[in-house]
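Asks: Would you mind keeping the following structure in view while I ask a few things?
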Amino acid sequence: MRKTPELIVALDVGDLESAAKLVEQLYPTVTLFKVGLQLFTAEGPRAAQAVQARGGRVFLDLKLHDIPNTVAGAVREAARLGVEMCTLHASGGRAMLQTAAQAAAEAGSPIQLLAVTVLTSLDARGLEEIIESKLDVAAHVVRLASLAREAGLNGVVASPQEIGLLRTALGPSVSLVIPGIRPVWAATGDQRRIMTPREAAVAGADYLVIGRPITAAADPLKATRRILDELRATA
Ligand code: C5P
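Position one of the sequence shown corresponds to residue 0 (numbering that gives the first Met the number 0), numbered consecutively onward.
So, in structure tokens, the structure goes:
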């Protein structure tokens, strides 16, 4: 039987009170919560601590990208905060990724480092504008993900369409963390290349990152239960 992917709810809010309210509504049905740039910029480490104080685990999505020493320092602090997952841009290069992986290993906490490859908001033209040459986006995603894996990272954040490609390239042990998920009954919003939770589970996702279909629902817990039922039906 296939393993059901774990749900991560994105706390894309601007203050501690709203974040805490969502965690209180959803825990323990959901135990893993994403603290991203908005909430972390507004509230700092208190955001992660507020999730943890209510029993939750934290996915710190800050998409780190800087010189190796600076990124390693941030990874050490994330590990000290007790977060379970943390993201970095694979395009920071081998030395940055390796130094980060080493910092995580030395921190002695089980923090998973996840690579961001090509932002899903970039298409072939957008990518070409940055790197000044024609490039196959899918090939570039695989190249960056492979580099991250070689450097010792644990997984990759990827669009639903990239699951098959990355699983084939990287094998079964890599964690695939997948946003861009929309149940059929939820509004698409600004997401484009989407899959339903069930489709992403069948494709082989390990974690599904879901924000607005849950956080903007009239009843977030009911929306969560509906998604979990849909996922269990695929197992
Ligand atoms: O509300 P929604 O379900 O679209 O939220 C998806 C979450 O996943 C957001 O926090 C967004 O920043 C994040 N994300 C994404 N696409 C990526 C990487 C992260 O939607 N490629």
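Every residue gets a Cβ at the ideal spot worked out from N, C-alpha and C, and that includes glycine.
Determine the DSSP secondary structure at glutamate 83, reduced to helix, strand or coil.
Replies: Glutamate 83 falls in the coil class under three-state DSSP.
Asks: What is the rounded straight-line gap between the Cα of arginine 53 and the Cα of glycine 125?
Replies: So the two alpha carbons sit approximately 41 Å from each other.
Asks: If you follow the alpha helix (DSSP H) that aspartate 60 is part of, which residue opens it and which one closes it?
Replies: Here aspartate 60 belongs to no alpha helix (DSSP H); instead the beta strand (DSSP E) covers 56-63.
Asks: Please state whether DSSP places alanine 114 in a helix, a strand or coil.
Replies: In the structure shown, alanine 114 sits in a strand (DSSP, three-state: E or B).
Asks: Helix, strand or coil for isoleucine 180? Go by DSSP, reduced to three states.
Replies: In this structure, isoleucine 180 counts as strand in the three-state DSSP scheme.
Asks: Helix, strand or coil: how does DSSP classify lysine 2 here?
Replies: Of the three classes helix, strand and coil, the one that applies to lysine 2 here is coil, per DSSP.
Asks: Below 6 Å CB to CB, which residues in the same chain sit around glutamate 76 once its five sequence neighbours on both sides are set aside?
Replies: Correct list: empty, nothing qualifies.
Asks: On the DSSP letters alone, give me the boundaries of the beta strand (DSSP E) that leucine 207 sits inside.
Replies: Where leucine 207 is concerned, the enclosing beta strand (DSSP E) stretches over 206-209.
Asks: Whose C-alpha, out of Glu131, Val136, Leu112, Ala222, is nearest the C-alpha of leucine 175?
Replies: For leucine 175, the nearest C-alpha among the options comes from Leu112.
Asks: Helix, strand or coil: which one does DSSP assign to serine 132?
Replies: If DSSP states are grouped into helix, strand and coil, serine 132 belongs with coil.
Asks: For a quick check, are the C-beta atoms of threonine 116 and leucine 87 less than 8 Å apart?
Replies: No.
Asks: Between the C-alpha atoms of leucine 121 and aspartate 135, what's the straight-line distance to the nearest angstrom?
Replies: Cα to Cα, leucine 121 sits roughly 12 Å from aspartate 135.
Asks: Would DSSP call leucine 227 helix, strand or coil?
Replies: It is helical.
Asks: Can you give me the start and stop residues for the beta strand (DSSP E) that glycine 35 sits inside?
Replies: Start and end: 31-35.
Asks: With distances taken between CB atoms, is the gap from arginine 224 to threonine 28 smaller than 8 Å?
Replies: A contact, by the Cβ cut-off of 8 Å.
Asks: If contacts are defined as beta-carbon pairs under 8 Å, then alanine 150 and glutamine 97 qualify, I think. What distance do you get, rounded to the angstrom?
Replies: So it is a contact: roughly 5 Å between Cβ atoms.
Asks: So glycine 154 is in the beta strand (DSSP E); what residue range does that whole segment cover?
Replies: Looking at the DSSP string, the run of the beta strand (DSSP E) that includes glycine 154 is 154-156.
Asks: Would you mind working out which of Ser172, Ala215, Asp228 sits nearest glycine 188, comparing C-alpha positions?
Replies: Selected option, being the one with the closest Cα: Ala215.
Asks: For proline 196 and tryptophan 184, what's the separation of their Cα atoms in angstroms?
Replies: Approximately 11 Å between the Cα atoms of the pair.
Asks: With H, G and I counted as helix, E and B as strand and the rest as coil, what does DSSP make of serine 174?
Replies: Serine 174 falls in the strand class under three-state DSSP.
Asks: Return helix, strand or coil for alanine 232, following the three-state DSSP convention.
Replies: Coil at alanine 232, not helix or strand.
Asks: Is the beta carbon of threonine 3 closer than 8 Å to that of arginine 181?
Replies: In this structure, threonine 3 does not lie closer than 8 Å to arginine 181 by Cβ.
Asks: So what does methionine 194 bridge to, in DSSP terms?
Replies: In the DSSP output, where bridge partners are listed per residue, methionine 194 has Ile180.
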